[in-house]
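With this note's numbering applied, the sequence shown covers 15 to 719.
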Amino acid sequence: MSFTFICNDVVNNVLESQGLSILNQLLLHNFNSPLYQALLESGVAPSYTPGTGYESGIKQGMFNIGVSGISKQQIQEVEDVIFNCLEKSQIEGFDKETIEGVLHQIEINNKMQQQNFGINLLMNILNQYNHDGEVNQILKISENISILREKIFKEKYLEQLIQKYLNKKNVRIQLIMEPDDQYHQKIAQQEQIKLEQLEKKIDKEKIIQQNKILQEQQNLKEDYECLPKLEISDIDREVLKNVFTQQTYKDIPIYFNNQNTNGLTFLRIQFDLEQVPLYIRKYINMFSIFLNKIGTKSINYKDFQKKLSLYSTNLSFNYESSNPYNFDETNNNKPLNYGLLSIACIDKNIDQMCELLQELLTAPDFKDMQNISTILRNYSNDISNNIIEQALSYSVSVSQASLMENCFIKEKLNHTRFLFQFTNNFLQKNNNSMLYLDDLNFHMNSIMQFMMRKNKIKFIVYGNQQNFDKTYQNISKIIDNLTYAFSAFKYKAEQSKIYDNPFQKKYISKYFALDSQVNYCVQSFEMPNYTNKDTPKLQLLGQLIGDVVLHKEIREKGGAYGSGCQFMDGTLNLFSYRDPNTLETFKIYQNAIKQISKGQFDEKNIEESKLSLFSKIDQIIKPQDRGLAYVLENKTDEMRQQYRQEIIDATRDDLVRVCKEYLVKKIEDNQFSKVVFGNQLNDLKEIEKEGFIIEEPIYGLQNNE
15 MSFTFICNDV
25 VNNVLESQGL
35 SILNQLLLHN
45 FNSPLYQALL
55 ESGVAPSYTP
65 GTGYESGIKQ
75 GMFNIGVSGI
85 SKQQIQEVED
95 VIFNCLEKSQ
105 IEGFDKETIE
115 GVLHQIEINN
125 KMQQQNFGIN
135 LLMNILNQYN
145 HDGEVNQILK
155 ISENISILRE
165 KIFKEKYLEQ
175 LIQKYLNKKN
185 VRIQLIMEPD
195 DQYHQKIAQQ
205 EQIKLEQLEK
215 KIDKEKIIQQ
225 NKILQEQQNL
235 KEDYECLPKL
245 EISDIDREVL
255 KNVFTQQTYK
265 DIPIYFNNQN
275 TNGLTFLRIQ
285 FDLEQVPLYI
295 RKYINMFSIF
305 LNKIGTKSIN
315 YKDFQKKLSL
325 YSTNLSFNYE
335 SSNPYNFDET
345 NNNKPLNYGL
355 LSIACIDKNI
365 DQMCELLQEL
375 LTAPDFKDMQ
385 NISTILRNYS
395 NDISNNIIEQ
405 ALSYSVSVSQ
415 ASLMENCFIK
425 EKLNHTRFLF
435 QFTNNFLQKN
445 NNSMLYLDDL
455 NFHMNSIMQF
465 MMRKNKIKFI
475 VYGNQQNFDK
485 TYQNISKIID
495 NLTYAFSAFK
505 YKAEQSKIYD
515 NPFQKKYISK
525 YFALDSQVNY
535 CVQSFEMPNY
545 TNKDTPKLQL
555 LGQLIGDVVL
565 HKEIREKGGA
575 YGSGCQFMDG
585 TLNLFSYRDP
595 NTLETFKIYQ
605 NAIKQISKGQ
615 FDEKNIEESK
625 LSLFSKIDQI
635 IKPQDRGLAY
645 VLENKTDEMR
655 QQYRQEIIDA
665 TRDDLVRVCK
675 EYLVKKIEDN
685 QFSKVVFGNQ
695 LNDLKEIEKE
705 GFIIEEPIYG
715 LQNNE
């Protein structure tokens with residue numbers, strides 16, 4: 015259920031639009047937001063509907079407030095909660111620190127250098143431009159924020175906006191959507207009826223003739239000579255070098271990289287997680303979800319999150335597993351497993367940011383029942399809503415996981431299934447919730463204990479070198495406090511037992527049935543190590559297969575939204591996206607590989623594929639990410655240089671050779687994996703005949719596209 019309120023003229027009142035955007039954050043999207051607390055935290059509703067918040071992408075602004083996952087009987091209750099909250103917020107206003115936190119996040123986001131800055135800027139001004147508005151006005155963000163800050167604190171501006179646009183008496187639209195478990199079957203029936211009606215009206219001979227003409231057009235060789243283009247000679251043969259300075263404190267390395275980060279300091283901490291036992295390792299993904307949303311033992315999560323928004327941004331924790339860049343026979347090429355904590359701040363707030371980080375690392379609170387329940391409920395609902403949207407990502411992850419140990423460790427579907435099942439058990443209305451909370455707290459703190467080992471940690475800092483001394487002093491304080499908080503941190507960890515992953519390479523064919531009208535088809539092949547001289551050629555081969563064959567056959571002829579051949583994490587993955595076909599697509603994959611192995615491509619195709627590949631390799635890297643792979647995974651400039659030159663110098667013969675050696679041979683020996691996340695209304699018996707095992711993606715989950 016959702017309410018939509020008609021708001022301002024976006025084009026002619028930019029300041030009011032930015033005020034409504036601030037109101038959006040304050041009402042809905044942080045831990046101290048009244049609607050978040052009254053709707054989600056209280057358990058009245060599992061989550062907001064997509065599109066909840068202020069919409070300024072059209073001439074007439076709209077403010078949407080909606081929830082999903084409620085019963086029909088709750089509609090009036092939810093409506094009462096929403097309008098009571100709005101009325102209370104209008105009368106009482108908002109906490110000053112919470113407002114300052116939202117304004118600070120706007121300020122820091124404007125300083126943050128984005129990868130697609132030009133496109134994002136264009137999209138922000140497009141509405142103004144389309145409706146003859148004042149484009150410059152929307153770009154005066156700092157000036158507008160200064161004006162809004164004064165209006166908010168002196169004129170109760172936000173309360174006025176609620177009264178003006180979100181009052182119960184105002185014009186609004188109420189939208190209620192109810193699920194229909196026969197939705198896709200009904201759509202299929204409607205399409206079949208429409209098809210039959212069209213067949214009666216159109217002459218069959220005419221249809222055949224039109225299809226012949228279409229096929230001829232599709233098979234025509236297009237002339238690209240009239241288009242401007244780059245040359246291979248335009249590609250720089252040299253990589254940009256990474257320059258780090260290294261210091262230590264109590265034998266712990268601290269890396270500094272002087273970059274123009276626009277007045278921001280970025281801090282990362284890498285934790286070695288090689289020796290984490292299996293019974294704990296499956297909780298690491300959950301740990302990643304919680305760490306930036308909890309409080310500490312001395313500061314409750316609402317106040318702690320408020321402080322984080324006032325003095326920092328982008329706190330996150332990610333678990334990574336990657337193949338080593340150098341093949342090492344002594345460890346049987348085991349993957350590198352680590353956790354990466356990231357945070358950033360405006361330079362003036364370095365002291366406060368580090369104090370908050372120190373507080374979080376030394377005294378995290380994983381036992382707040384209300385907060386943990388809300389996080390799990392929201393995340394579980396996100397899974398339900400986004401399973402189809404992320405179907406391609408799941409397909410690639412499952413397929414890769416059958417071939418490579420590092421992919422097996424971070425396999426997305428297994429993590430999602432575990433979290434979904436844990437959440438269901440945790441939120442059941444019985445007396446077991448505290449048992450699950452104790453279990454969760456034990457595993458979260460166990461992960462902390464394994465992270466905090468003196469010789470298993472390193473710090474990485476990006477920013478202006480004028481602030482490096484101050485940052486070093488703050489990192490020293492963090493290390494001192496970690497030494498006090500964790501007894502094992504005082505000493506170098508002894509070589510502990512190696513907990514091997516229960517990984518066994520196997521070639522799979524799996525079909526995950528979705529309540530979806532389209533399919534996501536992936537076929538994966540294992541590839542050699544990064545430093546193998548054939549690996550750069552194989553990455554170029556993947557680009558060639560996608561450009562020369564898959565785009566035309568799967569997208570243009572087959573009707574899929576997209577297709578390609580992706581080289582990642584030691585695997586080569588042929589994929590299709592929102593594809594009406596399944597088994598036919600896998601035939602196209604095999605035909606594409608055969609076509610390339612027979613040399614059915616020209617020098618122009620190679621040149622275009624190199625240019626396309628380098629457009630990805632040479633995409634703009636944000637200052638705070640430059641050279642990060644060197645510190646985290648020892649990917650040296652020399653390795654990058656060698657890899658780059660191998661791609662530039664790759665020849666037609668090289669591509670044919672590696673295609674035969676690494677792909678054709680694997681197809682002949684059935685050494686590949688195939689995964690489909692696809693339409694449950696497909697002919698599953700026919701798919702089973704082709705060797706696929708049919709599964710539900712997440713047991714007990716009803717998917718809605």
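Where a beta carbon is used, it is the ideal one built from N, C-alpha and C, also for glycine.
What's the call for residue i, buried or exposed, on a 16-neighbour Cβ count within 10 Å?
i: V290; result: buried
i: N150; result: exposed
i: C421; result: buried
i: G705; result: exposed
i: N595; result: buried
i: P242; result: exposed
i: Y238; result: exposed
i: L371; result: buried
i: R654; result: buried
i: D683; result: exposed
i: T388; result: buried
i: K255; result: exposed
i: S56; result: exposed
i: V28; result: buried
i: I210; result: Checking the displayed sequence, the identity of residue 210 turns out to be Glu instead of Ile. With fewer than 16 Cβ atoms within 10 Å of its Cβ, E210 is classed as exposed.
i: N717; result: Annotation note: pLDDT 42 at N717 (below 50); position unreliable, coordinate value reported separately. Burial call: buried.
i: T437; result: buried
On a CA-only basis, which of the options is nearest residue i? Give me that one, please.
i: E660; options: K551, I620 and Q604; result: K551
i: G5; options: C359, G573 and S590; result: This structure leaves residue 5 out entirely; the chain is present only between 15 and 719.
i: P267; options: L646, M300 and I120; result: L646
i: S626; options: K220, F318 and Q580; result: Q580
i: Q614; options: V670, D632, N587 and F600; result: V670
i: N399; options: L135, G65 and T665; result: G65
i: L406; options: L528, G75 and D668; result: L528
i: I386; options: S31, L54, T18 and V24; result: L54
i: Q260; options: Q479, S611 and K636; result: Q479
i: K178; options: E30, V562, L564 and R391; result: E30
i: P6; options: S82, G147 and K348; result: Within the shown structure, residues of the chain are numbered from 15 to 719, placing residue 6 beyond reach of any answer.
i: K110; options: E425, D317, Q694 and A643; result: D317
i: D583; options: S356, I568 and Q553; result: Q553
If I follow the unbroken alpha helix (DSSP H) through residue i, where does it start and stop?
i: S394; result: M383 to N400
i: G71; result: Where G71 is concerned, there is no enclosing alpha helix (DSSP H), given that its DSSP letter is neither H nor E.
i: A415; result: A405 to A415
i: D668; result: R666 to V672
i: F464; result: S447 to M465
i: E621; result: E617 to I631
i: P193; result: No alpha helix (DSSP H) holds P193; DSSP gives it neither H nor E.
i: T437; result: K426 to L441
Could you tell me which residues DSSP puts in a beta bridge with residue i?
i: R282; result: S356 and I474
i: R295; result: Answer is none; R295 lacks a bridge partner.
i: L588; result: Q537 and C579
i: S530; result: DSSP output for S530 lists no bridge partner at all.
i: N481; result: According to DSSP, N481 bridges with nothing at all.
i: T310; result: P378
i: R186; result: F19
i: Q260; result: Y269
i: I707; result: K524
i: L350; result: S336
i: V81; result: Y62
i: D94; result: For D94, which the question treats as bridged, DSSP gives no partner whatsoever.
With residue i as the anchor, note down where its beta strand (DSSP E) starts and where it stops.
i: F19; result: S16 to D23
i: N328; result: T327 to S336
i: S687; result: S687 to N693
Could you tell me how far apart the beta carbons of residue i and residue j are, in whole angstroms, since I believe they sit closer than 8 Å?
i: L49; j: L42; result: 5 Å
i: N78; j: E69; result: 6 Å
i: Y544; j: N337; result: 7 Å
i: S416; j: Y521; result: 7 Å
i: F473; j: Y269; result: 7 Å
i: I662; j: I249; result: 6 Å
i: S413; j: S302; result: No, S413 and S302 are not in contact; Cβ-Cβ is about 23 Å, not under 8 Å.
i: S590; j: C535; result: 5 Å
i: F464; j: L287; result: 7 Å
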